[in-house]
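Data first, discussion second: the structure below is written as structure tokens.
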Amino acid sequence: MAHAKFSLFTGCIIDTPVMGELRILVDGALGIDRSTGRIVGTSESSATPAKELFEQWTGQQVSEDDIETTGLLADQFLMPGFIDTHTHAPQFSFLGIGHDLPLMDWLNKYTFKHESEFKDPELARKFYKGAIDRVIRNGVTFAAYYGTIHLEANRILADTIRNAGQRAFVGKVCMDANSPDYYSESTAESIEQTEEFIKQVLGGQGNCPADTRLVTPIITPRFAPSCSPECLGALGELAKRYQLPIQSHLCENPSEIEFARQCFPECTSYTEIYHKHGLLGNRTIMAHCVHMTAEELVIMRDTGTGISHCPTSNFTLGSGLADVRRFVAQGIPVGLGTDVGGGYTPSILDAMRMAAATNRALIASKRLSGEDLSGRDDVPLEAAEIFFLATQGGARVMGMAESLGSLDAGKLFDALVIDLSAHASPVPSAESTFAISCLSDPVEAWMLRLEQFVFLADDRNISRVYVGGNLIHSKC
1 MAHAKFSLFT
11 GCIIDTPVMG
21 ELRILVDGAL
31 GIDRSTGRIV
41 GTSESSATPA
51 KELFEQWTGQ
61 QVSEDDIETT
71 GLLADQFLMP
81 GFIDTHTHAP
91 QFSFLGIGHD
101 LPLMDWLNKY
111 TFKHESEFKD
121 PELARKFYKG
131 AIDRVIRNGV
141 TFAAYYGTIH
151 LEANRILADT
161 IRNAGQRAFV
171 GKVCMDANSP
181 DYYSESTAES
191 IEQTEEFIKQ
201 VLGGQGNCPA
211 DTRLVTPIIT
221 PRFAPSCSPE
231 CLGALGELAK
241 RYQLPIQSHL
251 CENPSEIEFA
261 RQCFPECTSY
271 TEIYHKHGLL
281 GNRTIMAHCV
291 HMTAEELVIM
301 RDTGTGISHC
311 PTSNFTLGSG
321 LADVRRFVAQ
331 GIPVGLGTDV
341 GGGYTPSILD
351 AMRMAAATNR
361 ALIASKRLSG
371 EDLSGRDDVP
381 LEAAEIFFLA
391 TQGGARVMGM
401 AESLGSLDAG
411 KLFDALVIDL
421 SAHASPVPSA
431 ESTFAISCLS
441 DPVEAWMLRL
451 EQFVFLADDR
461 NISRVYVGGN
471 LIHSKC
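Position 303 (the sequence shown) corresponds to 303 in the UniProt record's numbering; numbering is contiguous.
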């Protein structure tokens with residue numbers, strides 16, 4: 001069926017179009033138009049003949065020979081792909097090292113040194129393929145990557161991602177101030193090479209629509225203190241000119257915040273630095289946001305800026321506990337980031353669990369301090385909410401909510417087939433889990449199976465990875 005026009009999946013289908021609200025089709029059907037890589041429709045029942053389903057969805061006559069059907073097994077389900085809203089591709093080179101240090105010390109002792117080595121393009125060619133393959137094996141269909149300051153290494157990174165079939169934002173890091181002599185650039189170099197990188201990446205993909213483009217350049221000032229005012233302003237102009245997303249770090253660590261204030265004394269807050277230079281908006285991703293004032297959150301909300309919650313690295317570098325409930329209550333888009341190598345793993349599943357742990361630690365801390373808890377402030381994040389952050393929430397942060405994040409008709413088919421009974425699966429069988437085996441309602445049973453997936457699964461359970469309808473990883 002290599003020449004089939006359509007693909008049909010039948011079996012359990014799970015997504016969360018709205019935070020906290022699981023949509024479970026126990027025996028559903030989902031159709032994809034292979035020519036566009038988009039979902040054409042879903043059905044609550046797989047009993048309807050495939051030909052009939054596609055004729056309903058497309059409004060045209062369809063031959064049975066045009067359809068390739070994949071039936072999911074009893075302990076498998078289909079879900080949207082994971083979205084990693086913040087990670088550093090070169091930092092896979094020292095993964096798991098330096099987690100006894102606070103952020104600024106860690107940057108100076110390990111990060112800048114190892115990133116500077118990517119001035120050698122051969123290192124990038126040898127290294128990036130393994131790093132990207134590992135991210136994909138963990139079910140990440142769309143990621144926001146930081147590269148380094150080096151033009152050629154960033155081009156290699158973008159090509160490697162495109163060749164792997166993953167969707168990504170890729171940023172040439174900009175550092176023209178307060179950076180080590182061995183790892184810095186002039187303002188002119190930073191801006192000129194950023195624009196050259198933009199042209200190289202966009203030029204290599206023709207005139208395809210922005211939402212179907214696999215690799216998109218993203219404007220990437222490392223963080224405000226590493227850039228001069230001239231550089232930040234010019235980057236804001238580049239983002240407008242080329243209609244590109246923006247990413248950076250914000251309010252991760254108290255010493256970093258103080259450093260930013262010293263570098264930009266004319267600004268009343270760290271957040272205002274970015275705002276003043278035209279770097280906030282509904283296509284901006286700010287990572288961490290652990291120590292935000294009420295005034296800063298208002299700026300984030302009013303500009304539509306998204307937050308990449310990176311709980312793993314916030315723990316490992318001792319930066320603090322970001323309050324997701326607070327962000328959500330303000331109407332600020334929130335997704336999850338692995339933040340490799342501040343984070344020790346490229347697993348979004350691990351980030352989901354750490355997000356739950358962060359939330360519970362915050363609730364306990366607030367109760368112990370006697371803080372007044374109202375609304376949902378004292379309600380732990382539920383599995384369905386964490387699932388949303390890793391999928392639809394991430395799509396919102398990346399400015400791609402209309403095209404990705406759920407399994408609605410019209411969206412791109414970036415998706416995972418999850419196998420809870422995979423070889424050596426860390427997830428126990430439904431039969432051996434009494435809380436599930438005694439249930440008669442299959443929807444309720446799948447809700448508990450999803451909770452087990454969130455808190456127990458790993459890359460062994462990610463059977464297949466699809467991007468734009470194309471299979472890019474399979475354990476079969």
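The beta-carbon is built from N, C-alpha and C at its ideal position, and this holds for glycine as well.
DSSP places L362 in the uninterrupted alpha helix (DSSP H) bounded by 348-368. Considering only Q91, E152, G335, L244, the residue with the shortest C-alpha distance to A131 is Q91.
Taking the Cβ atoms as the reference, N461 lies roughly 7 Å from F453, within the contact range of under 8 Å. Less than 8 Å separates the beta-carbon of E185 from that of I149. For H114, the uninterrupted alpha helix (DSSP H) segment begins and ends at 112-116. Where Q193 is concerned, the enclosing alpha helix (DSSP H) starts and stops at 187-203. The way I'd put it, the region 220-234 does touch the region 250-270; three or more beta-carbon pairs between them come closer than 8 Å. The bridge partners DSSP lists for F6 are D33, I67. As the crow flies, the alpha-carbon of V26 is around 57 Å from that of P265.
Secondary structure at A47: coil, using DSSP grouped into helix, strand and coil. The DSSP-derived three-state label of V340 is strand. Taken through DSSP and simplified to helix, strand or coil, G147 comes out as coil. According to DSSP, A384 shares a beta bridge with no other residue. For I246, there is no enclosing alpha helix (DSSP H); the enclosing beta strand (DSSP E) has its first and last residue at 246-250. Selection S425, T391, L448 evaluated against V140 yields T391 as nearest (Cα-Cα). Cβ atoms of V397 and G335 come within 8 Å of each other, at about 4 Å. Here D75 really is in contact with S421; their C-beta atoms are around 4 Å apart, less than 8 Å.
Taking 8 Å as the cut-off, the beta carbon of L412 is found no closer than this to the beta carbon of R464. Judged by pairs of C-beta atoms under 8 Å, the region 305-320 touches the region 273-292, as three or more such pairs exist. Note that the region 22-42 touches the region 5-14; at least 3 beta-carbon pairs, one per stretch, sit closer than 8 Å. Annotation: Q76 is outside any alpha helix (DSSP H); the continuous beta strand (DSSP E) that includes it extends over 76-80. A direct Cα-Cα distance of roughly 55 Å separates Q56 from E189. Nearest Cα to I418 within the set S46, G71, E44: G71. Only exposed fits Q61, as fewer than 16 other CB atoms lie within 10 angstroms of its CB. In this structure, A144 sits away from H88, with a CB-CB distance that is not shorter than 8 Å. With respect to L362, D323 sits close: the two C-beta atoms are nearer than 8 Å. Within the same chain, A383 come within 8 Å of E451 by CB-CB distance, once the 5 residues on both sides are set aside. Per DSSP, the beta-bridge partners of L471 are Y466. Minimum Cα-Cα distance from T194 among the listed residues V18, G147, T358, I24 corresponds to G147.
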